[in-house]
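Asker:
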Amino acid sequence: MASLAEKRMEDTEEHSVDSTTEPEARPEELRLLEALLFASAEPIDQAALAKRMPDGVDVKVALAQLQAEYATRGVNLVRVANKWTFRTAGDLAWLMTRESTETRRLSRAAIEVLAIIAYHQPVTRAEIEEIRGVITSKGTLDVLLETGWIRPRGRRKTPGRPLTFGTTEAFLSQFSLEALGDLPGLEELKGTGLLDSRLPSGFSVPTPSDDVALREDEDPLDAGDTLELLLAPAADPETPSEG
Amino acid sequence: MASLAEKRMEDTEEHSVDSTTEPEARPEELRLLEALLFASAEPIDQAALAKRMPDGVDVKVALAQLQAEYATRGVNLVRVANKWTFRTAGDLAWLMTRESTETRRLSRAAIEVLAIIAYHQPVTRAEIEEIRGVITSKGTLDVLLETGWIRPRGRRKTPGRPLTFGTTEAFLSQFSLEALGDLPGLEELKGTGLLDSRLPSGFSVPTPSDDVALREDEDPLDAGDTLELLLAPAADPETPSEG
Amino acid sequence: MTAEILSFETGRPAADVTDSEPSLVVDVEGYEGPLDLLLTLARQQKVDLSKISILALADQYLIFIEAARKIRLELAADYLVMAAWLAFLKSRLLLPEPATPDGPSAEEMATALANRLRRLEAIREAANRLMNRPQFQRDIFPRGNPESIAEIRHPKFTATLFDLLTAYSAQRQQRVLATVHLTKRTVWSLSEARASLERLIGIAEDWSCLDEYLLNYVVDPSQKATVFASSFAAALELVREGQMELNQKEAFAPLYFRKRPPQASGAMSAPELSVE
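Residue numbers (the numbering used here), protein chains in the order written: chain A, 76 to 318; chain W, 76 to 318; chain S, 27 to 302.
#1: Cα separation between PRO287/S and PRO247/S?
#2: Starting from GLU109/A, find everything on chain W with Cβ-Cβ shorter than 7 angstroms and list it in chain order.
#3: Closest Cβ-Cβ distance between PHE278/A and chain W: below 8 angstroms?
#4: Hey, does ALA82/S have any beta-carbon neighbour from chain A nearer than 8 angstroms?
#5: Taking only three categories from DSSP, how would you classify PRO168/S?
#6: Counting only Cβ pairs nearer than 7 angstroms, list the residues of chain W close to GLY56/S.
#7: Name, going along the chain, the residues of the region 153-169 of chain A whose beta-carbon falls closer than 7 angstroms to a beta-carbon of chain W.
#8: Report buried or exposed for HIS195/W, applying the criterion of at least 16 other Cβ atoms within 10 angstroms of its Cβ.
#9: Interface residues of chain S around PRO259/A at Cβ under 7 angstroms?
#10: What does a CB cutoff of less than 8 angstroms around ARG127/A pick up in its chain, not counting 5 residues either side in sequence?
#11: Consider the Cβ of MET171/W: report whether some Cβ of chain S lies at a distance smaller than 8 angstroms.
#12: What span of residues does the alpha helix (DSSP H) with ASN141/S cover, start to end?
#13: Going by the CB atoms, is the gap between ASN151/A and ALA143/A shorter than 8 angstroms?
#14: Quick check on the DSSP output: what are the complete beta strand (DSSP E) runs of length 3 or more inside the region 230-295 of chain A, in order along the chain?
#15: Check the Cβ-Cβ distances between LEU50/S and every residue of chain W, and say whether any is below 8 angstroms.
#16: Could you say which of ALA122/W, GLY268/W, ALA146/W, TRP169/W lies nearest to PHE161/W if we only look at CA atoms?
#17: To the nearest angstrom, report how far apart ALA138/S and SER248/W are at their CA atoms.
#18: If I measure Cβ to Cβ from THR211/A and keep anything under 8 angstroms in the same chain, skipping five residues before and after, which residues do I get?
#19: Of all the alpha helix (DSSP H) runs that stay within the bounds of the region 201-229 of chain W, which reach a length of 4 or more residues?
#20: Per DSSP, what kind of secondary structure is LEU124/W in: helix, strand or coil?
#21: Per DSSP, ALA176/S forms a beta bridge with which residues?
#22: Which class does GLU92/S belong to by DSSP, given the choice of helix, strand or coil?
#23: When the distance is taken between beta carbons, is SER256/S closer than 8 angstroms to ALA230/S?
#24: Classify PRO197/W as buried or exposed, calling it buried when 16 or more other Cβ atoms lie within 10 Å of its own Cβ.
#25: Need the endpoints of the alpha helix (DSSP H) that LEU121/S sits in, please.
#26: Cα-Cα, which of ARG101/W, ASN157/W, PRO102/W, LEU141/W is closest to ALA123/W?
#27: Shorter than 7 angstroms, the distance from the beta carbon of ARG200/W to the closest heavy atom of the ligand ATP, or not?
#28: Going by Cα to Cα distance, which pick from GLU58/S, SER234/S, PHE278/S, ALA261/S is closest to ARG284/S?
#29: Does the beta carbon of PRO98/A sit closer than 8 angstroms to a beta carbon anywhere in chain W?
#30: Given this structure, state the Cα-to-Cα distance separating PRO122/S from ASP128/S, to the nearest angstrom.
#31: State the Cα-Cα distance for the pair TYR282/S and LYS265/A, rounded to the nearest angstrom.
#32: DSSP on GLU97/A, reduced to helix/strand/coil?
#33: Roughly how many angstroms lie between the CA atoms of PHE162/S and LYS116/S, to the nearest whole one?
#34: Measuring CB to CB, does SER284/A end up less than 8 angstroms from ARG179/S?
#35: Quick one: Cα of PRO129/A to Cα of GLU103/A, how far?
#36: I need the straight-line Cα distance from ASP294/W to LYS96/S, nearest angstrom please.
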């Protein structure tokens, strides 16, 4: 140990940039307190700390000193419910998180709703349900909003002022589309065999458009909508309008 | 030390920047490093730290700085098995007595065997017995394997293909060693030539190595060894090689 | 346990010298083998192990073993082997070296033994220093209350354009086909085709192009295929029955037909279906 300590001290001198004052000047009780607080599994109150300190040490003063010393550091000495503990500085919370991505597959329902939004936008939830013939669960829309591929774009000028949904730039990016107009139309869908060629003559597939400009029957979103729909990704103001 | 410290103070005064009065002068990366290292119970290697640091930060230099800063504190920044961690200062052991953590007391034989493995690794049981002049009981090795401080690392390429033993990262951590080269008295032992298992003391003095790479006279463990030696802790594939 | 006190100078138990208690406590249980015992004995020479007198050490060991045997202490074979070897070494050391030494000399053997002892002592010293280091969780401690690194999970959704289009097509189609029943396929049945052809034959005394007739007849262009197919089949049947003649110049060329001339009606067995 002695040799290691010495070695460390040597290192210290080599790299001694502008480290603190003379170490000798620091009161020993600060060392003791910092070791105790560091190793403790739980916050310790002043009385318990005082019990382990040498006689004559003013623990309160020492704690205040230690707190001041650590105030600007990455680790702070904080008092929690009258007990003392070291905590990483609050402004470094970002550092203490690890971000990870997990791949998730969209449910069939979500893909269906997404497809309808893509082709029929701007479209309300009721309209989606009309096309699908089933009720759309809140969860399905939430998941889609979380993907960032759809966004609420306005409110339909009809009784109840339902939200209208449309796709985002992220949607185009996800599906490698230059513009929404690149989505295959009726004939192409038939050509690929996805649509039955025997469909009735009245059957049509809309020409999709994600023009950011609101349609005539659309109102802009209400001011409160942003709060209400926290999940909804903000509309990108830079989105260029697409035919 | 004191003179050096004074010299440093003079240098500091020349630039009229006293780090203690201006805590803002402390580089932000030191805050980040200390937060990360302080918060973690496990040692972290430099690469992992670098990953969390802003670009352009010389983590090595910053770590050395931080180590110097903490060298005289109750909590020290130490390097164990090439990973960095904060630990309470060794001289404060008296303060840190914990009621519950009762370290296992190793038998004298076990301590001796452990030392032989540490200083002579990779070493076979027969070689251990040659040094001690006595049969090593199975129980002694079992106890050591259970501590996680030693591991069977391979098989010697000699008749009978005996197991070779070496120490683990946990061993380094337990005894606060940066690397095997820090084993106490290693230099003296090498100087006397007593580390050589052959008699009389020869010319080449082997250096103990816990390098995961097998030596020339070692074979890897057999597939069956893992089952046979359930007690043996798995070799850490991330262990960087040590000289 | 280890109450052997042997005098280095005499090589005899110290107890004998200081004739107080005559009892020499000899116990090998405290030793980790003969080498350990030898090392303990050697330490009593109170000199550097490199300068130890192997001869004196051998004597000490042999006396110890002898004492142990006297009190019928059960000795492990190891101890006896060592005793025999030391006795041999002692005799070699005392006798002048043979002129032609084969194998190691007595001096070399003694040095080897001294080295083994030195090495054992060195490793013990090392073990001691190792164990005296501040140990983790005994003397020095890690962070007691580690802060976990929170994991923020970002779901990355996957879906392909194919998924999207399949889903869209499937549900659109499903809805359409479910509500609007499949429109009845307009197919010309064979009998329909035959009836129409029979009507046509009445008009066509000379060679006429079947395609043209059909085109005139068919209203909906989408029915073209089925009309052609059924008509052709019906025409073949009419030819077989001898009511009609067909003529085609080459494959895929327009098909001509006419009413079979009446004189040929007798030769029904050889219907004319000429393809030039």
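The C-beta atom is built at its ideal place from N, Cα and C for all residues, glycine as well.
Answerer: Quick answer:
#1: 33 angstroms
#2: ARG148, GLY149, VAL150
#3: no
#4: No, ALA82/S does not count as interfacial toward chain A.
#5: coil
#6: Under the 7 angstroms cutoff, chain W gives no residues; its nearest Cβ is about 10 angstroms from GLY56/S.
#7: PHE161, THR163, ALA164, LEU167
#8: buried
#9: Result: LEU191.
#10: LEU107, LEU111
#11: yes
#12: Start and end: 132-157.
#13: no
#14: The region 230-295 of chain A contains these whole beta strand (DSSP E) runs: 238-242.
#15: Reliability of the predicted coordinates at LEU50/S is poor, the pLDDT of 46 falling under 50, and the value obtained from them is presented with this limitation in mind. Taking Cβ atoms only, chain W never reaches closer than 8 angstroms to LEU50/S, which makes this a no.
#16: ALA146/W
#17: 36 angstroms
#18: ALA184, VAL188, ARG200, ILE203, GLU204
#19: If you keep only unbroken alpha helix (DSSP H) runs of at least 4 residues inside the region 201-229 of chain W, you get 213-222.
#20: DSSP, reduced to helix, strand and coil, places LEU124/W within a helical segment of the structure shown.
#21: Partner(s): THR172/A.
#22: helix
#23: no
#24: Its Cβ being crowded by 16 or more others within 10 Å, PRO197/W is buried.
#25: First-last for LEU121/S: undefined, no H or E at that position.
#26: ASN157/W
#27: Although the ligand ATP was asked about, the structure shown includes no ligands whatsoever.
#28: SER234/S
#29: Low confidence applies here, because PRO98/A scores a pLDDT of 47, under 50, leaving its location unreliable; read the following figure in that light. With 8 angstroms as the cut-off, PRO98/A counts as an interface residue toward chain W.
#30: 14 angstroms
#31: 37 angstroms
#32: Residue placement at GLU97/A cannot be trusted, given a pLDDT of 48 that sits under 50; what the coordinates show is reported in the next sentence. Three-state DSSP puts GLU97/A in coil, outside helix and strand.
#33: Distance between the alpha carbons of PHE162/S and LYS116/S is about 48 angstroms.
#34: no
#35: 10 angstroms
#36: Rounded to whole angstroms, ASP294/W to LYS96/S spans 49 angstroms at the Cα level.
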